[in-house]
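Worksheet for the structure shown next.
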Amino acid sequence: MIKKYLIVFLSALILEIGSTFYITVVADKNYIGMLFFAFIGPFLSLPFVGFMVESKTWKERIRLALCSGLGYLFGSVVVIIFLELMK
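Its first residue numbered 228, the sequence shown is counted upward by one per residue in my numbering.
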């Protein structure tokens, strides 16, 4: 049971980090990077989407949404820390 929520959390975290890097390569007009992130984007969200579709109750969906929200939050924090260290 906990494993599912951990997978959703990690999937959202990785998806947030990947999305931020995708925005960066688009802004830099790095076409190879754009193609790479456009290709892997759906695969990064696959575990997240699979568990959301499988959930049967609203209670479980809310728990999954909470885990994904925390994943996105921590993904943003990782990106912020990375960007601050790169200055």
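Heads up, the beta-carbon is just placed ideally off N, CA and C, and yes, glycines get one too.
Could you give the distance in angstroms between the alpha-carbon of residue i and the alpha-carbon of residue j?
i, j, result
"Phe248", "Lys256", "12 Å"
"Val235", "Lys314", "31 Å"
"Pro274", "Leu312", "30 Å"
"Gly268", "Gly298", "16 Å"
"Lys231", "Ala239", "12 Å"
"Val280", "Val306", "28 Å"
"Arg290", "Gly302", "18 Å"
"Trp285", "Leu237", "21 Å"
Tell me the residue span of the alpha helix (DSSP H) that contains residue i.
i, result
"Lys256", "Counting along the chain, Lys256 falls outside any alpha helix (DSSP H), and DSSP gives it neither H nor E."
Using DSSP with H/G/I as helix, E/B as strand and the rest coil, what is residue i?
i, result
"Thr193", "Because the chain here runs from 228 to 314, residue 193 falls outside it and cannot be looked at."
"Ser272", "coil"
"Met279", "helix"
"Lys314", "coil"
"Gly261", "Residue identity check: residue 261 is Met in the sequence provided, not Gly. Correct three-state label for Met261: helix."
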